[in-house]
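Colleague:
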Amino acid sequence: MQSSFSALEFAAKKKLTRRERFLREIDTVTPWAELIARVEPFYPKGTGRGRPPIGLPRMLRMYVVQQCLGLSDEGIEDAVYDSQAIRGFMGIDLARESAPDATTLLKFRRLLETHGLTKAIFEAINTHLAAKGLLLREGTVVDATIINAPSSTKNDSGTRDPEMHQTKKGKNWFFGMKAHIGADRDSGLVHTVVGTAANVSDVTVGNALLHGQETDVFADAGYQGADKRDNATAANWHVAMRPSVRRQWKRKPRIGKLLDYVERVKAAVRAKVEHPFHIVKNRFGLKKVRYRGLAKNTAQLFTLFGLANLLIAKRQLFDLQARGAS
15 MQSSFSALEF
25 AAKKKLTRRE
35 RFLREIDTVT
45 PWAELIARVE
55 PFYPKGTGRG
65 RPPIGLPRML
75 RMYVVQQCLG
85 LSDEGIEDAV
95 YDSQAIRGFM
105 GIDLARESAP
115 DATTLLKFRR
125 LLETHGLTKA
135 IFEAINTHLA
145 AKGLLLREGT
155 VVDATIINAP
165 SSTKNDSGTR
175 DPEMHQTKKG
185 KNWFFGMKAH
195 IGADRDSGLV
205 HTVVGTAANV
215 SDVTVGNALL
225 HGQETDVFAD
235 AGYQGADKRD
245 NATAANWHVA
255 MRPSVRRQWK
265 RKPRIGKLLD
275 YVERVKAAVR
285 AKVEHPFHIV
295 KNRFGLKKVR
305 YRGLAKNTAQ
315 LFTLFGLANL
325 LIAKRQLFDL
335 QARGAS
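First residue of the sequence shown: 15, per my numbering; consecutive thereafter.
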């Protein structure tokens, strides 16, 4: 198929923009066939009457680029018309066709939420990474981060989201939800995601973040006592010492020095879990929840952490692809 003049002009430019490079990376590392296979049984089929549905690969690509760039439904619709890089990622030529509109994308996202398909996408990505030997099973690092929600009541309902709650961290109060994750100790890849209100204690969710095959679990001081709960597994928990207890031991030079070294080693292992949080919050722009209700926001978390896993593993995936090509 012959390209339009605008597409040819864009392809001939000398500079590769950061957005274009980023979308090329996502396109290369995403296992599109596996994702399409998970969604296709639930995607509407054409009846032969009226306008046929837009192809699933195109809608899936539009959804992925929306999540990666942190755009609203209307925002990604406008971005498709504004950006040749996004049109290239989606395979759209405006000289021959129009882009899917915001309403179509909204219906697609609701389809994913209704049938739990964002979790299926997350699992398909992890199955793909495990098949490449990148997702190990011996150790898990657990942690949680607060995602703010609008606390204002200046909206149509005149109320805050009833499923979001406030919590205190340090001296500051936050209103919103928590994203709890279990990540692989060695690779930093996320294997479990749980969404709760912000006031839910980390320790109550700790054991739900394990896959059951790990021998060791690493966690910060908020998970003290997780190994003694009714749903605890046989894994060995390595939980950080509370700051107040650590300060007491520092008064005893010899043992205090040894314990301080042990705590620093545990902290170095726990640092792996910060990388997916950084990608989701800073690269994908999830500084605040985008929807009302825990179900919709948790559904989005599965997609975002699945895509974050692909970015974390991209170098290894590129290397594997290069070896396969040689």
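C-beta atoms are modelled at their ideal positions from N, C-alpha and C, and glycine is treated no differently.
Keep in mind it's a predicted model, so treat the numbers as computed, not measured.
Could you give the residue range of the beta strand (DSSP E) that holds Ile250?
Modeller: One detail in the question is off: residue 250 reads as Asn in this sequence, not Ile. Start and end: 250-253.
Colleague: Who pairs with Ile195 in a beta bridge, going by DSSP?
Modeller: Paired residues: Asp157, Val207.
Colleague: Quick check on Gly60: does DSSP put it in helix, strand or coil?
Modeller: Three-state result, Gly60: coil.
Colleague: Would you call the CB atoms of Leu224 and Val231 closer than 9 Å?
Modeller: In this structure, Val231 lies closer than 9 Å to Leu224 by Cβ.
Colleague: In the structure shown, what three-state DSSP assignment does Thr317 receive?
Modeller: Note: Thr317 maps to helix in three-state DSSP.
Colleague: Among residues of its own chain, excluding the 5 on either side of Ala255, which ones have a beta-carbon nearer than 8 Å to its beta-carbon?
Modeller: The question names Ala, yet the displayed sequence has Met at residue 255. Closer than 8 Å at the Cβ level, and outside the excluded window around Met255, lie Ala235, Trp263, Leu273, Glu277.
Colleague: Would the region 195-207 count as touching the region 143-156 if we require 3 or more Cβ pairs under 8 Å?
Modeller: Yes, the region 195-207 is in contact with the region 143-156.
Colleague: Are the region 182-198 and the region 291-303 touching, with three or more C-beta to C-beta distances below 8 Å?
Modeller: The region 182-198 vs the region 291-303: in contact.
Colleague: Measure the beta-carbon distance from Arg306 to Asp115 and round it to whole angstroms, keeping in mind my assumption that it falls under 8 Å.
Modeller: Actually they are not in contact, since the Cβ atoms of Arg306 and Asp115 sit about 22 Å apart, beyond 8 Å.
Colleague: In the DSSP assignment, what are the bridge partners of Val231?
Modeller: In the DSSP output, where bridge partners are listed per residue, Val231 has Thr154, Trp251.
Colleague: So Thr154 packs on Glu228, CB below 8 Å; how close in whole Å?
Modeller: Between Glu228 and Thr154 the Cβ distance is about 5 Å, and since that is below 8 Å, they are a contact.
Colleague: What does the alpha-carbon distance come out to for the pair Asp96 and Pro257?
Modeller: C-alpha separation (whole angstroms): 51 Å.
Colleague: With 16 other CB atoms within 10 Å as the buried threshold, where does Asn311 fall?
Modeller: That one is buried.
Colleague: Starting from Thr181, follow the beta strand (DSSP E) in both directions and report where the run begins and ends.
Modeller: Its beta strand (DSSP E) spans residues 179-183.
Colleague: Might you give, ordered along the chain, the residues of its own chain that have their beta carbon closer than 7 Å to the beta carbon of Lys328, omitting 5 neighbours on each side?
Modeller: Taken in chain order, the residues that qualify are Glu39, Val43.
Colleague: What separation, rounded to the nearest whole angstrom, lies between the Cα atoms of Met76 and Leu119?
Modeller: Distance between the alpha carbons of Met76 and Leu119: 8 Å.
Colleague: How is Gly220 classed by DSSP in three states: helix, strand or coil?
Modeller: Three-state DSSP puts Gly220 in a helix.
Colleague: Does the beta-carbon distance from Asp157 to Arg284 come in below 9 Å?
Modeller: Yes, Cβ-Cβ distance for Asp157 and Arg284 is below 9 Å.
Colleague: Measuring CA to CA, which of Arg52, Val79, Ser86 is closest to Gln98?
Modeller: Of the listed residues, the one whose Cα sits closest to Gln98 is Val79.
Colleague: What distance in whole Å lies between the Cβ atoms of Thr181 and Ile160, which are believed to be in contact at a cut-off of 8 Å?
Modeller: Correct: roughly 7 Å between the Cβ atoms.
Colleague: Counting only the same chain and skipping the five closest in sequence on each side, list residues whose C-beta sits under 8 Å from that of Arg72.
Modeller: Once the five neighbours on either side are set aside, the close Cβ partners of Arg72 are Met104, Gly105, Ile106, Pro114.
Colleague: Can you tell me which of Thr128, Ala281, Arg260 puts its alpha carbon nearest to the alpha carbon of Lys271?
Modeller: Of the listed residues, the one whose Cα sits closest to Lys271 is Arg260.
Colleague: Would you grab the beta carbon distance between Ile195 and Val287 for me? Rounded to a whole angstrom, and I think it's under 8 Å.
Modeller: Rounded, the Cβ-Cβ distance is 7 Å, consistent with contact.
Colleague: I'd like the ranges of any alpha helix (DSSP H) spanning at least 4 consecutive residues and lying wholly in the region 241-318.
Modeller: With a minimum length of 4 residues, the continuous alpha helix (DSSP H) runs that stay inside the region 241-318 are 257-263, 267-284, 288-292.
Colleague: Let me make sure I understand the geometry here. Which of Ile50, Leu30, Asn221 has the alpha-carbon closest to that of Asn250?
Modeller: When only C-alpha atoms are compared, the closest one is Asn221.
Colleague: Measure the CB-CB distance between Thr132 and Asp87 and report whether it falls below 9 Å.
Modeller: In this structure, Asp87 does not lie closer than 9 Å to Thr132 by Cβ.
Colleague: Please confirm whether Gly320 and Phe136 have their CB atoms less than 9 Å apart.
Modeller: Going by C-beta atoms, Gly320 is nearer than 9 Å to Phe136.
Colleague: Ala313 and Leu83 - do their beta-carbons sit closer together than 9 Å?
Modeller: Not closer than 9 Å, so no.
Colleague: Compute the Euclidean distance between the alpha carbons of Val214 and Leu308, then round it to the nearest angstrom.
Modeller: The alpha-carbon atoms of Val214 and Leu308 are separated by roughly 13 Å.
Colleague: Can you grab the Cα-Cα spacing for the pair Leu67 / Lys59, in whole Å?
Modeller: Sequence check: residue 67 is Pro here, not Leu. Computed Cα separation, rounded: 7 Å.
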